[in-house]
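The block underneath contains the structure these notes are about, expressed in structure tokens.
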Amino acid sequence: MSEIKALGYLGFSIADKEAWRDYAENILGVSVDDHDNGDMSLRVDSYAWRIKLKNSDHNNLDYVGWEVSDKQDLEGLKSRLHEHSIAFEVGSDELAKSRQVKELIVFYDPDGTRCEAFYGPLQLTNKPFVSPKGFRFITGEQGLGHIVLISKDHAAQEAFYTQLLGFKVSDYINTEIVPGKPLSISFLRCNGRHHSLALAPVPIPAKVAHIMLQVDNVDDVGRAMDAAEKAGTHFSFTLGRHSNDEMLSFYTMSPSGFDVEFGWGAIEVNDDSWHVKVHHTNSAWGHKFQRPPRK
Ligand SMILES: [Fe+2]
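Residue numbering for the sequence shown follows full-length UniProt numbering, beginning at 1 and increasing consecutively.
In structure tokens form, the structure reads like this:
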């Protein structure tokens, strides 16, 4: 099984800091910390940060941080990467300090996504997370949430994350989000969360389709929807219930152009009883795709 225990953190370059601040606080209900260098970080729990937003002139997914338990597991992962001739670098003390982790390594997946594996994330129990909207996020053993990457070399990506990094396939959705354009999305897990990572072979230049945050109260999904509507935010998918992880959610377009799924009520997977499934629909109901307005 995988040394990787959870999605730990995400790093993005962002071109519109104030739009992100507003989106983060008023719609997602996460807290925002400002840094001296102009960057912002977002908190959803006891971790010092979960999403780093680098103040920039462009939007980009910079890195995906995968958490391992301890030094031994990081060493185990290093050995396996080495055995398979996957290049990695040990993160400098300076990088570990900026990520606020004990140690980390850096490597790249076949599509070129920068992956970081780390242990020892700083916890701020002396400064409890306070959501500006009063939301509580499901994290803990299930990690931050999930990320859906646009896969370029889909077979190589799936093989890398399953065979090398030890993720398990939960299921596949073979569907047409845009009519006439069939695609098969792979959903991969590394803990009880149905998927911490999904790979979607959509022929677009973007790296990331969406990220997902999960709250523990269905009414908070409604409250976030109300706030998004009031702010005039584009709903990329309307409210719906996913076929596979049973998440009740909606998607809005973040100021960076990728979507944020905001959900509640997903199932937890039990490794002993789970078997791989196939779905032909993205959702049991709802989740109507809406093209973004042309600018
Ligand atoms: Fe999702």
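Each residue gets a CB set at the ideal place from its N, CA and C atoms; glycine is no exception.
Cβ-based burial, residue i [other Cβ within 10 Å; buried from 16]
i	result
residue 259	buried
residue 90	exposed
residue 218	exposed
residue 209	buried
residue 240	buried
residue 276	exposed
residue 291	exposed
residue 278	exposed
residue 123	exposed
Host beta strand (DSSP E) of residue i (start-end)
i	result
residue 214	208 to 214
residue 89	88 to 90
Rounded separation between residue i and residue j - CA only
i	j	result
residue 9	residue 293	30 Å
residue 57	residue 17	10 Å
residue 155	residue 127	43 Å
residue 145	residue 214	7 Å
residue 138	residue 284	22 Å
residue 61	residue 207	7 Å
residue 118	residue 65	7 Å
residue 23	residue 261	13 Å
residue 226	residue 246	22 Å
residue 326	residue 178	The question about residue 326 has no answer, for the chain in this structure spans 1 to 295.
residue 69	residue 229	40 Å
residue 151	residue 167	16 Å
residue 256	residue 204	15 Å
residue 298	residue 222	For residue 298 there is no data in the structure shown, the boundaries of the chain being 1 and 295.
residue 281	residue 243	7 Å
residue 74	residue 121	13 Å
residue 234	residue 224	13 Å
residue 160	residue 110	7 Å
Span of the alpha helix (DSSP H) around residue i
i	result
residue 79	71 to 83
residue 40	Looking at the DSSP string, residue 40 is not in any alpha helix (DSSP H); the run it does join, the beta strand (DSSP E), is 40 to 43.
residue 247	From DSSP, residue 247 is part of no alpha helix (DSSP H); its letter is neither H nor E.
Residues bridged to residue i (per DSSP)
i	result
residue 13	54 and 60
residue 279	173
residue 286	240
residue 114	108
residue 197	147 and 188
residue 123	47
residue 263	214 and 249
residue 65	9 and 116
residue 165	Residue 165 is not bridged to any residue.
heavy atom of ligand 3 below 8 Å from residue i C-beta
i	result
residue 249	With respect to ligand 3, the structure offers nothing, as its ligand set consists of ligand 1.
Practice problem: For the stretch 69 to 82 and the stretch 22 to 42, state whether three or more C-beta atom pairs, one from each stretch, are separated by less than 8 Å. | Solution: no
Requested in this report: Indicate whether the contact test is met: 3 or more Cβ pairs, each with one atom in the stretch 185 to 200 and one in the stretch 156 to 172, closer than 8 Å.
Outcome: yes
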